[in-house]
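Report on one structure; see the data block that follows.
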Amino acid sequence: MTRSSASAPDPAGGLTADWTAREAVLLAPYAARGADSTGRRYPEPPHPYRSPYQRDRDRILHCAAFRRLSHKTQVFTGEMGDYHRTRLTHTLEVAQIARTIARALQLNEDLAEALALAHDIGHPPFGHSGEAVLDDCLRDVGGFNHNAQALRICEQLETRYPEFPGLNLTAEVLEGQRHRAEKKQPAAEPSPSPLLEVQAVDAADSIAYDAHDADDSLEIGLLTLEALVEVPLWQEASRRVAEQYADLDEAQRRRAIVHELIDRQVSDVLDAAGRALAERQIASVADVRRAPIVVRPSADLAQHKAGLEAFLFQHVYRHPDVLAKRAVAEQSLRALFAFYVHDPERLPAKFRQRVAADGPARAVGDYLAGMTDRFALDEHQRLRARQN
Ligand code: MG
């Protein structure tokens, strides 16, 4: 594509037409096309050279909630080392895997990437324990869920543009995130089904955390390679690595197994999706909506993944070191919530202004959910110093 100037687009084949022509060549008939987008809540003129989903991706990448993911816990807190994933690096790994799946299936990579980058921006500090605390604190006003919070951020809480609240994303990105927020159980079949790009991000999220939580746990020392051998999915990846390489040291072997684990899962999802698309003769987005979820692991892999996840739950997520860190984090967040709900005048102006419409509990919840782990712990320290 050439860009001689950023002047007004020429609808008869100029800059705007470039991305539509590109999508026409690269995308399968069942992919979501930018040209078919149902648009944004606050209508905007087309961009001279970026597709609608490209703009969504860029808006998410540049927003404050996205940057703060760098100091938010995925599973392990910052005091447990600097090797393991943060919420930001997890998000980037999900985006990479989602783009791989999207490209291989000729789906819309820009849409998949936008969805992946947004998928965890609603997470509060301290990972799922922070979420459980906020859900409890906000139980009388509808509770707290990180997927619903991502929608609040995208639709209301980000204030980057003078023309509208939130990021004014396309209906397709918001719908994908709404699907995540409304998904009651992983096995439930929503009707109509979400776009394939949404399905690709769900699959990529699961592939990423299964592999990297095992990797991080080994690095931190919560697990050993010997213990993981009882998990069939790990054992199979380990066997494949042994067939390929002789004489790897333990660290090299671990990294090779993690790589194999991701590769095996992505390949399985692509095979299963390719079969389902052919068997169900899916040839349009309308067909996608009517069909069950097709971008998902095979039944065999799903069973093996469940085995690994059960193992990680028992040995990692419930590990005494992890639980001890969580207890400190939960105490901090509860104390901050009680302090600000009692005295909402102390909230920063942006959240104080929301008290009238949303009530003090939700306004405080929004403020706390936006904090990084570090900021929340520092705030709690300051609060205690003032009270002593
Ligand atoms: Mg995630």
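First residue of the sequence shown? That's 240 in the numbering used here, and the numbers climb one at a time after it. A virtual CB, placed ideally from N, CA and C, is assigned to each residue, including glycine. Quick caveat: nothing in here was measured; it's all calculated off a predicted structure.
**Request:** Please state whether DSSP places Arg593 in a helix, a strand or coil.
**Result:** Indexing the sequence shown from 1 puts residue 593 at position 354. Note: Arg593 maps to coil in three-state DSSP.
**Prompt:** Quick one, what's near the ligand MG if you take every residue whose CB is closer than 6 Å to any heavy atom, in chain order?
**Reply:** Matched residues: His329, Val333, His358, Asp359, Asp444.
**Prompt:** CB of Ala485 to nearest heavy atom of the ligand NAD: below 7 Å?
**Reply:** This structure simply doesn't include the ligand NAD; it includes the ligand MG instead.
**Request:** Give the DSSP-derived three-state secondary structure of Thr312 in the structure shown.
**Result:** Position 73 of the sequence shown holds residue 312. Correct three-state label for Thr312: strand.
**Message:** Below 8 Å, how does it come out for the region 363–375 and the region 562–570: are there three or more Cβ pairs, yes or no?
**Reply:** yes
**Message:** Please return the same chain residues whose Cβ sits closer than 6 Å to the Cβ of Cys393, not counting the five positions on each side in sequence.
**Reply:** Residue mapping note: residue 393 aligns to position 154 of the sequence shown, counting from 1. Within the same chain, Cβ atoms closer than 6 Å to the Cβ of Cys393 are found at Gly405, Leu406, Leu408, the five residues on either side in sequence being excluded.
**Message:** Whether or not the region 428–445 and the region 351–365 are in contact is what I'm after, with contact meaning three or more pairs of Cβ atoms, one per stretch, closer than 8 Å; do they touch?
**Reply:** yes
**Item:** Neighbourhood of Leu540 by C-beta, 7 Å cutoff - its chain only, sequence neighbours within 5 removed
**Value:** Here the question's residue 540 lines up with position 301 in the sequence shown. Counting only Cβ-Cβ distances below 7 Å, and skipping sequence neighbours, we find Gln504, Asp507.
**Asked** With a CB to CB cut of under 7 Å and the five nearest residues on each side skipped, what residues in its chain are close to Ser309?
**Response** Numbered from its first residue, the sequence shown carries residue 309 at position 70. Counting only Cβ-Cβ distances below 7 Å, and skipping sequence neighbours, we find Thr325, Leu327.
**Request:** Have a look at Phe576, Leu586, Val524 and flag the residue whose alpha-carbon is nearest the alpha-carbon of Glu411.
**Result:** Translated into the one-based positions of the sequence shown, residue 411 becomes position 172. Minimum Cα distance to Glu411 is reached at Val524.
**Length of the line joining the Cα atoms of Leu575 and Ala615** = As a working mapping, residue 575 is identified with position 336 in the sequence shown. As a working mapping, residue 615 is identified with position 376 in the sequence shown. Their backbone Cα atoms lie some 8 Å apart in a straight line.
**Message:** For Arg478 and Arg272, I'd like the C-alpha separation in whole angstroms.
**Reply:** Here residue 478 corresponds to residue number 239 of the sequence shown, with the count starting at 1. Here residue 272 corresponds to residue number 33 of the sequence shown, with the count starting at 1. The alpha-carbon atoms of Arg478 and Arg272 are separated by roughly 41 Å.
**Message:** Once DSSP output is grouped into helix, strand and coil, what is the label at Arg613?
**Reply:** Locating residue 613 in the sequence shown gives position 374, where the first residue counts as 1. Helix.
**Item:** Contacts around Arg228, its chain only, beta-carbon distance under 8 Å, and the 5 residues preceding and following it disregarded
**Value:** Because the chain in this structure spans residues 240 to 627, residue 228 falls outside the shown range and cannot be described.
**Prompt:** Taking the alpha-carbon positions, what's the Glu262 to Leu572 distance?
**Reply:** Working through the sequence shown from its first residue, we reach residue 262 at position 23. Working through the sequence shown from its first residue, we reach residue 572 at position 333. If I take the Cα positions, the gap works out to 46 Å.
**Asked** From Leu562 to Ala515, what distance separates their C-alpha atoms?
**Response** The sequence position of residue 562 within the sequence shown is 323, counting from 1. The sequence position of residue 515 within the sequence shown is 276, counting from 1. Rounded to the nearest angstrom, the two C-alpha atoms are 41 Å apart.
**Asked** Between the region 606–625 and the region 578–588, are three or more C-beta pairs nearer than 8 Å?
**Response** Three or more Cβ pairs drawn from the region 606–625 and the region 578–588 lie within less than 8 Å of each other, which places the two stretches in contact.
**Request:** Would you tell me roughly how many angstroms separate the C-alpha atoms of Ala485 and Ala495, rounded to the nearest one?
**Result:** By one-based count along the sequence shown, residue 485 stands at place 246. By one-based count along the sequence shown, residue 495 stands at place 256. The alpha-carbon separation between Ala485 and Ala495 amounts to approximately 12 Å.
**Message:** Restricting to Cα atoms, I'd like to know which of Asn627, Val333, Met610, Phe590 is closest to Asp444.
**Reply:** Mapped onto the sequence shown, residue 444 falls at position 205. Nearest C-alpha to Asp444: Val333.
**Message:** Rounding to the nearest angstrom, what Cα-Cα distance links Ala303 and His362 in this structure?
**Reply:** As a working note, residue 303 is residue 64 in the sequence shown. As a working note, residue 362 is residue 123 in the sequence shown. C-alpha separation (whole angstroms): 13 Å.
**Request:** Just tell me which of Gly609, Glu618, Asp617, Gln626 has its CA closest to the CA of Gln395.
**Result:** Locating residue 395 in the sequence shown gives position 156, where the first residue counts as 1. Taking only the C-alpha atoms, the option nearest Gln395 is Gly609.
**Message:** Restricting to runs no shorter than 3 residues, where is the beta strand (DSSP E) found entirely within the region 423–480?
**Reply:** List check, beta strand (DSSP E) in window: nothing returned.
**Message:** Contact defined as beta carbons within less than 8 Å: I believe Val534 pairs with Ala512. What is the distance between those atoms, to the nearest angstrom?
**Reply:** Taking the sequence shown and counting its residues from 1, the one referred to as residue 534 is at position 295. Taking the sequence shown and counting its residues from 1, the one referred to as residue 512 is at position 273. So it is a contact: roughly 5 Å between Cβ atoms.
**Item:** Length-filtered (4 minimum) alpha helix (DSSP H) runs lying within the region 502–541
**Value:** 524–529
**Message:** Val527 and Leu434 - do their beta-carbons sit closer together than 8 Å?
**Reply:** By 1-based counting over the sequence shown, the position of residue 434 is 195. By 1-based counting over the sequence shown, the position of residue 527 is 288. Closer than 8 Å, so yes.
**Request:** Tell me whether the beta-carbon of His329 lies closer than 8 Å to the beta-carbon of Arg419.
**Result:** Within the sequence shown, the letter at position 90 stands for residue 329. Within the sequence shown, the letter at position 180 stands for residue 419. No. Outside cutoff.
**Request:** Locate the alpha helix (DSSP H) running through Gly366, then write down its first and last residues.
**Result:** As a first step, residue 366 is located in the sequence shown; it is residue number 127 there, counting from the start. From DSSP, the alpha helix (DSSP H) with Gly366 extends over 366–376.
**Request:** Might you give, ordered along the chain, the residues of its own chain that have their beta carbon closer than 8 Å to the beta carbon of Asn347, omitting 5 neighbours on each side?
**Result:** For this step, residue 347 is matched to residue 108 along the sequence shown. Apart from sequence neighbours up to five positions away, the residues of its chain that approach Asn347 with a beta-carbon distance below 8 Å are Glu262, Leu266, Ala270, Ala271, Arg272, Gly273, Tyr292, Ala341, Glu436, ordered along the chain.
**Message:** For His385, report the span of its alpha helix (DSSP H) as first-last.
**Reply:** Working through the sequence shown from its first residue, we reach residue 385 at position 146. Unbroken alpha helix (DSSP H) run through His385: 385–391.
**Request:** Assuming Tyr322 and Asp455 form a contact by the criterion Cβ under 8 Å, report the distance between their Cβ atoms to the nearest whole angstrom.
**Result:** Here residue 322 corresponds to residue number 83 of the sequence shown, with the count starting at 1. Here residue 455 corresponds to residue number 216 of the sequence shown, with the count starting at 1. Indeed they touch by this definition, with Cβ atoms about 7 Å apart.
**Item:** Proximal residues to Tyr281 (C-beta, below 6 Å), its chain only, five neighbours per side dropped
**Value:** Taking the first residue of the sequence shown as 1, we reach residue 281 at position 42. Excluding positions up to five away in sequence, the list reads Phe403, Asn407.
**Asked** If we call anything under 8 Å between Cβ atoms a contact, is Ala530 one with Ser432?
**Response** What you label residue 530 is simply residue 291 of the sequence shown in a count that begins at 1. What you label residue 432 is simply residue 193 of the sequence shown in a count that begins at 1. For Ala530 and Ser432, yes; Cβs fall inside 8 Å.
**Item:** Own chain, CB closer than 6 Å to His385, minus 5 neighbours either side, in chain order
**Value:** Translated into positions along the sequence shown, residue 385 becomes position 146. Closer than 6 Å at the Cβ level, and outside the excluded window around His385, lie Gly361, His362, Glu370.
**Message:** Mapping the DSSP letters down to three states, classify Ser244 as helix, strand or coil.
**Reply:** For the purposes of this step, residue 244 is identified with residue 5 of the sequence shown, where counting begins at 1. Any reading at Ser244 must be qualified, since the residue scores a pLDDT of 39, below 50, and its modelled position is unreliable; the value itself is stated next. Correct three-state label for Ser244: coil.
**Item:** Close-in-space but distant-in-sequence residues of the same chain around Leu500 (CB under 6 Å, 5 per side omitted)
**Value:** Position 261 of the sequence shown, counted from the start, is the residue given in the question as residue 500. These residues qualify, in order along the chain: Ala450, Ala476.
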